[in-house]
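Going by the working numbering, 91 is the number at position 78 of the sequence shown; the sequence numbering is gapless. In this text, a Cβ means the ideal position worked out from N, Cα and C, and glycines have one as well. Structure first, then comments.
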Amino acid sequence: MSGGGGGGLGAGFSYQKFVHFALEQTRLRSTLVPHPSQEKFQFIKPNEDNTVLNALSFSTSKIRLLRSLTIEQKNSVQVLDFAAFSEPEYDLPIFCANAFSSPARSIVVLDLNPLYDTTEHKDYREKYYRNLMPLIHKYSELLPWGGKITSESLRFFSPIVIWTIFEPTEANHQALYSAFVDYYKVWLELMDGAVRETCEEKINCNREAQHKYLTWRAEKDPGYPLLKKLVGESGAKDLVREFLFEGVGSLGTKSFLEYFPEYAQQDGTVNRKRSMAGKSFGTRPWDAHGRFVGDAVDGW
Ligand code: BLA
């Protein structure tokens, strides 16, 4: 342990372990086929010598895109961005594991992001989250609520989200690994049980919901400045649109401002702010049944 700031980070800690676990578990249940995006991004080189990027992407019969990006800087920043998006024939939640660790702190979002807002779509909440609420009890002490969060981010989170900020100690990373393992296994179970939708209208809704999510994240990802520093502006744009949130250019035609008109500026451009509403929700805003109990904010 290297003293100061909690230490420990860089002393052998790596998010690779998370990725290996997830891929191994997925392989036990389905055949992973390399996704076309992998070819272009697999050997992506950062312009800083001390940094290693690892990008992998696959599909399976039910998963449209399973992709992982890790960034490792010796004794400094470690990043995990792991996500799984189902084919639009399934209304599966989006598996989302994002962690940004510096020697000072780790900022984490681990969730089965809902395809449909769980406050508006109670049937969706009941279908996927009702039985998963015990997961939150398991981790609420080890990985407590990370503090105020924007309502814009919150609407993409589920009642079982782990949103947390912690000192990057070994014990905390161990807790995070354990949560990642639990959440990914749960997601794989949901995937196994998912039944192919045949109603064209529902498939179109699933596709649009996924496109809306991709559009949001491709535009407002908090990791963008770091990516830009590592691979330059056009490299970062490509990485975001053709790898991390691949599908943003093909699953739908609506623009960011059509989905999120509150970001429109007078001249028709997108407001660069991440949040228009500001930060709120200092505590977990769902009850034990997954019902939203946060203070009402515009748009809710
Ligand atoms: C910070 N990343 C954050 C925060 C959140 C997320 C909620 C806290 C700041 C805030 O309140 O906005 C993550 N936000 C998400 C996720 C969703 C969302 C996953 O809305 C999904 C819907 N983070 C990454 C990656 C990098 C990264 C890949 O996931 C780097 C490449 C960096 N995240 C990063 C940094 C911060 C951050 C540097 C702190 C600085 C900042 O807030 O801008």
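Per DSSP, D280 has no beta-bridge partner at all. The C-beta distance from V253 to A231 rounds to 5 Å, short enough to fall under 8 Å. Residue environment for H33: exposed (fewer than 16 other C-beta atoms within 10 angstroms of its C-beta). Cβ-Cβ separation between D124 and I173: approximately 7 Å, consistent with a contact (criterion under 8 Å).
For R297, the shortest C-beta to heavy atom distance toward the ligand BLA is 8 Å or greater. N185: member of the alpha helix (DSSP H) spanning E183 to G206, first to last residue. Counting only the Cα atoms, A249 lies some 15 Å from V92. Distance from the Cα of L201 is smallest, within the candidate group L257, F169, S74 and A290, for S74.
Not one heavy atom of the ligand BLA falls within 8 Å of the beta-carbon of E202. With respect to the 9 Å criterion, P47 and S70 are classified as neighbours on the basis of their beta carbons. Across the structure, K151 and Q278 are spaced so that their CA atoms are roughly 43 Å apart. Inclusion of T44 and N67 in the CB contact set at 9 Å is not warranted, their separation being larger than that value. Counted as a single uninterrupted DSSP element, the stretch harbouring R138 is not any beta strand (DSSP E) but the alpha helix (DSSP H) occupying residues K135 to Y141. No Cβ-Cβ contact shorter than 9 Å links G260 with K225.
Pairing Y103 with E210 gives a Cβ-Cβ distance under 9 Å. When DSSP states are grouped into helix, strand and coil, L69 belongs to the strand group. In this structure, N126 and F170 form a Cβ contact; the two beta carbons are roughly 7 Å apart against a cut-off of 8 Å. In the structure shown, the three-state DSSP call for L78 is strand. With a beta-carbon spacing of about 13 Å, L128 and M204 fall beyond the 8 Å limit used to define contacts. For N111, the secondary structure class from DSSP, reduced to helix, strand or coil, is strand.
Counting C-beta atoms within 10 angstroms of its own C-beta, K198 has fewer than 16 neighbours from the protein chains shown and is therefore classed as exposed. A Cβ-Cβ separation of about 7 Å places F179 in contact with L156 under the 8 Å criterion. Counted as a single uninterrupted DSSP element, the alpha helix (DSSP H) harbouring S50 occupies residues P49 to F54.
For F256, no beta strand (DSSP E) run applies, since DSSP gives it neither H nor E. Distances from the CB of T177 to the heavy atoms of the ligand BLA are all 8 Å or more. Relative to the ligand BLA, even the nearest heavy atom lies 8 Å or more away from the CB of A35. The three-state secondary structure of L105, taken from DSSP, is coil.
Judged by DSSP in its simplified three-state form, E221 adopts helix.
In the structure shown, E154 adopts coil according to DSSP, grouped into three states. Between Y28 and the set D234, N219 and S119, the nearest pair of CA atoms involves S119. In this structure, the beta-carbon distance from S81 to D62 does not fall below 9 Å.
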